[in-house]
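Encoded as structure tokens, the structure appears first; notes follow it.
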Amino acid sequence: MNLDFSQSNTRLLTHGFHKYPAKMVPQIASALISEFGANASLLFDPYCGTGTSLVEANVRGVDSIGSDLNPLAILISKVKTTPIELQTLELHLNDFYKYLFPFRYHLNPKDYIVVNFPRIDFWFSKEVKNKLSIIKDYVNSIENIDIKDFFKIAFSHTIRECSFTRNNEFKLYKMSEDQIKSFNPEPFGIMEEILGMNYLGLKSFIEERKNAKTTSLIYDFNTIDNIPQSIIIDKSIDIVVTSPPYGDSSTTVAYGQFSALSNQWLDLMENGRSLDKNLMGGSRITDLPNFESKVLNKDIEAVKKIDDKRALDVISFYSDYEKSIKNISTVIKPNGYACYVVSNRNVKGNILHTDEITKDFFQQCGFNHINTFYRKISNKRLPRYNSPKGEIGSRAELMNTESIIIMQKQ
Ligand SMILES: C[S@@+](CC[C@H](N)C(=O)[O-])C[C@H]1O[C@@H](n2cnc3c(N)ncnc32)[C@H](O)[C@@H]1O
0 MNLDFSQSNT RLLTHGFHKY PAKMVPQIAS ALISEFGANA SLLFDPYCGT
50 GTSLVEANVR GVDSIGSDLN PLAILISKVK TTPIELQTLE LHLNDFYKYL
100 FPFRYHLNPK DYIVVNFPRI DFWFSKEVKN KLSIIKDYVN SIENIDIKDF
150 FKIAFSHTIR ECSFTRNNEF KLYKMSEDQI KSFNPEPFGI MEEILGMNYL
200 GLKSFIEERK NAKTTSLIYD FNTIDNIPQS IIIDKSIDIV VTSPPYGDSS
250 TTVAYGQFSA LSNQWLDLME NGRSLDKNLM GGSRITDLPN FESKVLNKDI
300 EAVKKIDDKR ALDVISFYSD YEKSIKNIST VIKPNGYACY VVSNRNVKGN
350 ILHTDEITKD FFQQCGFNHI NTFYRKISNK RLPRYNSPKG EIGSRAELMN
400 TESIIIMQKQ
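FYI, in numbering that gives the first Met the number 0 the residues of the sequence shown are 0 to 409.
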């Protein structure tokens, strides 16, 4: 399989609707579905994030189910996989332009509700906050739910572009005072531009589906606990295509922090930051499990020698990961596939071999290992280096290679 997509457009179809940390490259999902899901009718992504694999399943005539605990991710996935009547959308886009007109030119505009939540003034200038509140009022007034959600996603992207968060950071870091002085975003124009781009993306998504009746359903169940039988019955999934988190949110990617401002503006969560502790590995366990994976036990021993607490974080993460794989295994059909896109991260100077560990966990659940493909990460927005021991000058390569593990159920 050719897995070098460095020259590919990763924003095609609806894939460019919204930024998100550690997104899957759409061409990988596409290649995996073509190779291992040629006759599939149902795909499952248990950590669907912004729904990359769901979109790719959707345009290939494969129904799909996704799950994620982040309400913003669920909303993005829903919007990216929902075809909307384009003419109705165009009417709303024109209407929005007309709605903004009196605000733009100070022509006796309507009253609006100024949004407020803790520390809002820390992240937004007064002018931006007012303009975003004006946009929010419009979004709230839309009656058609699918169109409202389409606007919400463009609004969320606008919020991000107009806040004082540093652009290339996925954690919530504020710009420096100097950067703030020269930062003068125009929310109305940014929102219109994003709506325009997303409209084009949606149009090409609809064309690509070629009238297929494919559906994508997105939920918020946690596969670590269980998979509701009312949603997915045992042995019903043909293929899983997913990229699980690399580690717990506090030491890897903080999805909750990334989404906090949007989750608050959109009234999806009161305290967006609290999400991270609910995600995989987010809470430290007290009952130490006995892993059957030799590789994992060796990796844990190596971290333990340096830092007991960090070893406990690692154990907590893989304990959740193992439970999740056990539950996911039960819903896959015999001969069905699990395709996991993972990266081996570095903790305290030790590589954690998630590729091997994933293989071990699935083998314990009656799967055969078909192949593991490796590829250099070229366009993922992730930290490429960290200082694994926290020492200045000690930089270790971090997650520069991606492993794609293919397992088949016996
Ligand atoms: C690497 S991202 C997935 C990105 C996705 N493939 C995409 O292209 O957008 C991992 C996702 O797992 C989610 N997550 C973490 N722990 C979870 C859990 N226990 N159950 C469901 N989702 C979880 C995070 O919210 C995040 O969206």
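By construction, the Cβ of each residue, glycine as well, lies at the ideal position given by its N, Cα and C atoms.
What's the C-alpha gap between GLN228 and PHE220?
As a first step, residue 228 is located in the sequence shown; it is residue number 229 there, counting from the start. As a first step, residue 220 is located in the sequence shown; it is residue number 221 there, counting from the start. Each residue's Cα considered, the two are about 11 Å apart.
Is DSSP giving GLN407 helix, strand or coil here?
By one-based count along the sequence shown, residue 407 stands at place 408. Strand, per DSSP.
What I want to know is whether the C-beta of TYR339 ends up closer than 6 Å to one or more non-hydrogen atoms of ligand 1.
Locating residue 339 in the sequence shown gives position 340, counting from the first residue. Every heavy atom of ligand 1 is 6 Å or more from the Cβ of TYR339, so no.
Simplified DSSP assignment, three categories, for CYS161
Position 162 of the sequence shown holds residue 161. Reduced to three states, the DSSP call for CYS161 is helix.
DSSP three-state call for SER386: helix, strand or coil?
The count along the sequence shown starts at 1 and reaches residue 386 at position 387. Model confidence at SER386 stands at a pLDDT of 44, short of 50, so the residue's coordinates are unreliable; what they give is reported in the following sentence. Here SER386 sits in coil by DSSP.
Roughly how many whole angstroms lie between the Cα atoms of THR87 and THR80?
Translated into positions along the sequence shown, residue 87 becomes position 88. Translated into positions along the sequence shown, residue 80 becomes position 81. For THR87 and THR80, the distance between alpha carbons rounds to 17 Å.
Neighbourhood of PRO387 by C-beta, 6 Å cutoff - its chain only, sequence neighbours within 5 removed:
The residue you call residue 387 lines up with position 388 of the sequence shown. Unreliable positioning characterises PRO387 in this predicted model, as indicated by a pLDDT of 46, which lies under 50. The coordinate reading is nonetheless provided below. The residues are ASN345, LYS347, GLY348, ALA395.
Limits of the alpha helix (DSSP H) - the one that LYS135 falls within:
If you number the sequence shown from 1, residue 135 lands on position 136. Element bounds for LYS135: 125-140.
Tell me, which residues are paired with TYR339 by DSSP?
Along the sequence shown, one-based indexing puts residue 339 at 340. Paired residue(s): THR241, ILE404.
Is the beta carbon of ASN221 within less than 6 Å of some heavy atom of ligand 1?
Within the sequence shown, the letter at position 222 stands for residue 221. Answer for ASN221: yes, Cβ within range of ligand 1.
Mind checking which residues open and close the beta strand (DSSP E) that includes ASP44?
Working through the sequence shown from its first residue, we reach residue 44 at position 45. Segment 41-44, the beta strand (DSSP E) holding ASP44.
Would you call the stretch 12-31 and the stretch 49-57 in contact, with 3 or more CB pairs under 8 Å?
yes
Simplified DSSP state of TYR218, which is helix, strand or coil:
Sequence index remark: in the sequence shown, residue 218 carries index 219 (1-based). TYR218 falls in the strand class under three-state DSSP.
Starting from HIS91, follow the alpha helix (DSSP H) in both directions and report where the run begins and ends.
If you number the sequence shown from 1, residue 91 lands on position 92. Where HIS91 is concerned, the enclosing alpha helix (DSSP H) stretches over 85-103.
Exposed or buried, which one is MET23 when buried takes at least 16 other CB atoms within 10 Å?
Locating residue 23 in the sequence shown gives position 24, where the first residue counts as 1. MET23 is buried by the Cβ-count criterion.
With 16 other Cβ atoms within 10 Å as the buried cut-off, status of ASN115:
Position 116 of the sequence shown, counted from the start, is the residue given in the question as residue 115. Exposed, because fewer than 16 other Cβ atoms sit within 10 Å of the Cβ of ASN115.
Report the residue from ASN262, ARG165, GLU291 whose alpha carbon sits nearest the alpha carbon of LEU71.
Along the sequence shown, read from residue 1 onward, the residue named residue 71 stands at position 72. Checked all of ASN262, ARG165, GLU291; the closest Cα to LEU71 is ASN262.
Compute the distance between the beta-carbons of GLY335 and LYS276, then report whether it is under 7 Å.
To locate residue 335, count along the sequence shown from 1; it is residue 336. To locate residue 276, count along the sequence shown from 1; it is residue 277. Cβ distance not < 7 Å, so GLY335 and LYS276 don't count as in contact.
Nearest-angstrom beta carbon gap, ASP359 and ASN343 [assumed within contact, 8 Å]:
The count along the sequence shown starts at 1 and reaches residue 343 at position 344. The count along the sequence shown starts at 1 and reaches residue 359 at position 360. That pair is no contact at about 14 Å.
For ligand 1, any of its heavy atoms closer than 6 Å to the Cβ of TYR172?
Counting from one through the sequence shown, the residue named residue 172 turns up at place 173. Because no heavy atom of ligand 1 lies under 6 Å away, the Cβ of TYR172 does not count as near it: no.
Taking the alpha-carbon of THR287 as reference, which of VAL294, LEU278, MET279, ILE299 has the nearest alpha-carbon?
Start at 1 with the first residue of the sequence shown, and residue 287 comes out as number 288. Per the sequence shown, residue 287 should be read as Leu rather than Thr. Checking every option, the nearest Cα to that of LEU287 belongs to ILE299.
By how many angstroms is the C-alpha of GLU55 removed from the C-alpha of PHE150?
For this step, residue 150 is matched to residue 151 along the sequence shown. For this step, residue 55 is matched to residue 56 along the sequence shown. Straight through space, the alpha carbons of GLU55 and PHE150 are spaced by roughly 22 Å.
Report yes if the C-beta of SER318 is less than 6 Å from at least one heavy atom of ligand 1; otherwise report no.
As a position in the sequence shown, residue 318 is number 319, starting the count at 1. No, ligand 1 has no heavy atom inside 6 Å of this Cβ.
Limits of the beta strand (DSSP E) - the one that THR371 falls within:
The residue you call residue 371 lines up with position 372 of the sequence shown. Run containing THR371: 366-375, per the beta strand (DSSP E) assignment.
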